[in-house]
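Okay, so here's the structure we're looking at.
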Amino acid sequence: MALRLHNTLSGKVEDFQPLNDNKVGIYTCGLTVYGYAHIGNYRTFVFQDVLRRYLKYRGYEVNQVMNLTDVDDKTIKNAQAAGLDLREYTDKFIEAFEVDRELLNLETPERVPRATDHIDGMVKLIQKLIENGLAYSSEGSVYFRVANFKDYGKLSKMDLEGMRAGARVDSDEYDKADARDFVLWKAHKEGEPYWDTPLGRGRPGWHIECSVMSMQYLGETFDIHSGGADLVFPHHENEIAQSEGATGKPFVRYWLHAAHLIVNGEKMSKSLGNYYTLRDLIAKGFKPSAIRYLLASVPYRKQLNFTFDGLHQAQQSLDRLRNFRFRLRQEKFPEGESAELQARAQAALASFEKALDDNLNTAEALGAVFDLVREGNTAMDEGKFRDGDRAAFLKVLESWDRVFAVLEDNDFEKLRKFGFVKTVEGAVTVDAALVQDAATGTPADESYTAAVLAEALPDGEIEKQIAERNEARRRGDFARADQIRSQLAQAGVILEDTKSGTRWKRK
RNA sequence: GGCGCGGUACCCAAGUGGUAAGGGAGAGGUCUGCAAAACCUUUACGCGUGGGUUCGAUUCCCACCCGCGCCUCCA
250 MALRLHNTLS GKVEDFQPLN DNKVGIYTCG LTVYGYAHIG NYRTFVFQDV LRRYLKYRGY
310 EVNQVMNLTD VDDKTIKNAQ AAGLDLREYT DKFIEAFEVD RELLNLETPE RVPRATDHID
370 GMVKLIQKLI ENGLAYSSEG SVYFRVANFK DYGKLSKMDL EGMRAGARVD SDEYDKADAR
430 DFVLWKAHKE GEPYWDTPLG RGRPGWHIEC SVMSMQYLGE TFDIHSGGAD LVFPHHENEI
490 AQSEGATGKP FVRYWLHAAH LIVNGEKMSK SLGNYYTLRD LIAKGFKPSA IRYLLASVPY
550 RKQLNFTFDG LHQAQQSLDR LRNFRFRLRQ EKFPEGESAE LQARAQAALA SFEKALDDNL
610 NTAEALGAVF DLVREGNTAM DEGKFRDGDR AAFLKVLESW DRVFAVLEDN DFEKLRKFGF
670 VKTVEGAVTV DAALVQDAAT GTPADESYTA AVLAEALPDG EIEKQIAERN EARRRGDFAR
730 ADQIRSQLAQ AGVILEDTKS GTRWKRK
């Protein structure tokens, strides 16, 4: 069965067929780097990563471009407020974004170009639009003449006449001939960064960078373009106008849009106090892998209601999967293999692929793997599981995780690597500066939960205590054994006695 | 007002014209020195409301109610 994806352009789920054999060109709208990215951004980025990973899983050769918009009103304003040069300011948040991406296991796209490195290309594209009669200058700025592009509105299904009638008063001080027109190049204003170009001194408008960078790296027509639902209009609509207006060719074949994340049923916003960056959640003790799991578990076209309860549930679900993998790897089973279980593993893999083929139905894909987990655990409990079944089951988990990328429990390593937590004299400290939400200036919650504190105990120390406890158990000194177990529990380490020995995990 | 998405158990959530996946949480049980993990049982006679089509609808059609998003800041 073929991969099917919902195309915003047609409003339908379509069979996916790349332009060139098995090569797929994808442009994913990245971040405007005016501050730390928030979890709403990451909902979209996780979706894009799942898409990317599944395309690879399906054998496609992926060429992904993710832009960084490092010049716009907000970046300029925030840089000025911070007393930094625009480049210095955006460098800082690009770096933070890279850290976040690694924490969330987002694969690095083939290219991550910055808008300000492509000014020349923007100028050329704008000149081409002027030549084609689709753009005009006014007071040193250049605007796109929407009325001259007949397909305008085809992506967002906007009613052009309605737009004209209902257009808001343009608060911008630039002069446009028509309220619907949008700016391609902004004339220089005192105190703002600028580039001297054949178009005059100024800076680019918001949408042009995406047209330029996508076509430069992926060609004038490419396969997939994606982003958050809010970008359908005006951003992507304008990109189509700019690109097709210049080339006369279809710009993008499949447009994919992720529904928004809301928090406790409300739109996330700073004024409501429900605005979270990844760092905010880390500061509250949540694991990046659990955050990724939550963001990936709801199919991308469905609005995701983020709650702390939901995040907790995600962590619990993830633990179940990890427990199963642990058992699969560690437990001893009789020789041989079970034809029935082998068939079940095959069926689970097929269900998983069928679910993702269906417009990336991650919730259903999750169901497929949990079914197998239960069946595997049952077989083990009943003594029906065979050593030869191990590989087949592990393969399903590994296949699943090639797309979900959450099973590896290495959150602490990463948090330590980036300095979010440090071990000082046996205790964990949190780097307050790093987990601070710079956008709001609010200091992060300094009380780390046991989830992260637990990570501080070195493995060797934990194992030493387990050995001591097991010795006590052998002596029948259960009081001592329970004391050790509860001490470890307080430090966030959970012990589990199994037939093949005591295992432990960090909570 | 226009365009769009959605309303499924305590929470998250899949899904089909033929009688409701999966996860979390709760309760009871098995196992365990006790736990944990795991397993079993249990929690929607019902899928926003009202009509309609049909032998039969949660699934199709119509109307209505509610939530959310977009309508040039926004992933």
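Numbering-wise, this note's numbering comes out as the position in the first sequence, counting from 1, plus 249.
Just so you know, even glycine gets a beta-carbon here, dropped at the ideal spot from N, CA and C.
Just so it is clear, the structure is predicted and the values come from calculations on it, not from any experiment.
Residues that residue i bridges to, as DSSP identifies them
| i | result |
| --- | --- |
| A384 | F393 |
| L317 | L280 and R363 |
| Y503 | I473 |
| E263 | L254 |
| I743 | K754 |
| N719 | According to DSSP, which records beta bridges pairwise, N719 is partnered with nothing at all. |
| E310 | K272 |
Minimum C-alpha distance to residue i - residue among the options
| i | options | result |
| --- | --- | --- |
| V299 | L543, R755 and K425 | L543 |
| T281 | E624, D319 and R639 | D319 |
| Q491 | E613, E469, L510 and D479 | E469 |
| A373 | E515, R360, I457 and Y338 | The identity of residue 373 in the sequence shown is Lys, whereas the question assumes Ala. When only C-alpha atoms are compared, the closest one is I457. |
| Y549 | A495, Y524 and D607 | D607 |
| A588 | N554, A641, K666 and T257 | A641 |
| A740 | T747, S749, W753 and R528 | W753 |
| Y401 | P583, H484 and V461 | H484 |
| Q579 | K748, G585, G279 and D529 | K748 |
| R360 | T339, I368, T277 and E488 | T277 |
| H367 | D620, D558 and P453 | P453 |
| S546 | G494, D660 and E613 | E613 |
| H437 | K498, D321 and T339 | D321 |
| F669 | G534, R363 and D708 | G534 |
| V652 | Y309, I288 and L304 | L304 |
| D334 | N256, N271, G440 and N719 | G440 |
| E465 | I275, L605 and L590 | According to the sequence shown, residue 465 is Gln rather than Glu. Checked all of I275, L605 and L590; the closest Cα to Q465 is I275. |
| F482 | T365, K406, F661 and Y503 | K406 |
| Q313 | S520, T257 and K272 | K272 |
| G382 | T496, K603 and L467 | T496 |
| P707 | N719, F661, A730 and R729 | F661 |
| G260 | L480, G451 and Y503 | Y503 |
| S648 | S460, Q595 and R576 | Q595 |
| L467 | N719, S735 and V501 | V501 |
| L527 | A345, F634, V395 and L621 | A345 |
| E292 | L744, K551, E380 and Q714 | The residue asked about is misnamed: residue 292 is Arg in this sequence, not Glu. It is K551 whose Cα lies nearest to the Cα of R292. |
| L258 | E745, Q564 and P499 | P499 |
| L448 | A384, F601 and L615 | A384 |
| Q562 | F573, K323 and K536 | K536 |
| N719 | L744, P362 and A251 | L744 |
Span of the beta strand (DSSP E), counted from its first residue to its last, around residue i
| i | result |
| --- | --- |
| W753 | G750 to R755 |
| W434 | F431 to A436 |
| M616 | For the sequence presented, residue 616 should be read as Gly rather than Met. Where G616 is concerned, there is no enclosing beta strand (DSSP E), although the alpha helix (DSSP H) it sits in stretches over T611 to D630. |
| W444 | W444 to T446 |
| N554 | L553 to F555 |
| G449 | G449 to P453 |
Host alpha helix (DSSP H) of residue i (start-end)
| i | result |
| --- | --- |
| A654 | Run containing A654: none; DSSP gives neither H nor E here. |
| N290 | I288 to Y306 |
| T357 | No alpha helix (DSSP H) holds T357; DSSP gives it neither H nor E. |
| G494 | E486 to T496 |
| S460 | I457 to L467 |
| K326 | D322 to A331 |
Supposed contact pair residue j and residue i - C-beta distance, whole angstroms, cut 8 Å
| i | j | result |
| --- | --- | --- |
| T446 | N513 | Going by Cβ atoms, the distance from T446 to N513 rounds to 46 Å, so no, they are not a contact pair. |
| D424 | P267 | D424 to P267, Cβ: 43 Å. No contact. |
| L254 | L656 | 25 Å between Cβ atoms; not a contact. |
| L353 | R541 | 5 Å |
| S475 | Q297 | 6 Å |
| A508 | A478 | 5 Å |
| S390 | V348 | That belief does not hold up - the Cβ atoms of S390 and V348 are roughly 37 Å apart, past 8 Å. |
| E586 | D638 | 5 Å |
| V618 | A597 | 7 Å |
| G289 | L510 | 4 Å |
| E351 | K644 | 26 Å between Cβ atoms; not a contact. |
Can you check the region 555-607 for any alpha helix (DSSP H) of at least 4 residues that lies completely inside it and give the ranges in chain order?
Fully enclosed alpha helix (DSSP H) runs of 4 or longer: 557-579 and 588-606.
What ranges does the alpha helix (DSSP H) occupy inside the region 503-542, keeping only unbroken runs of at least 4 residues that lie completely in it?
Listed in chain order, they are 527-532.
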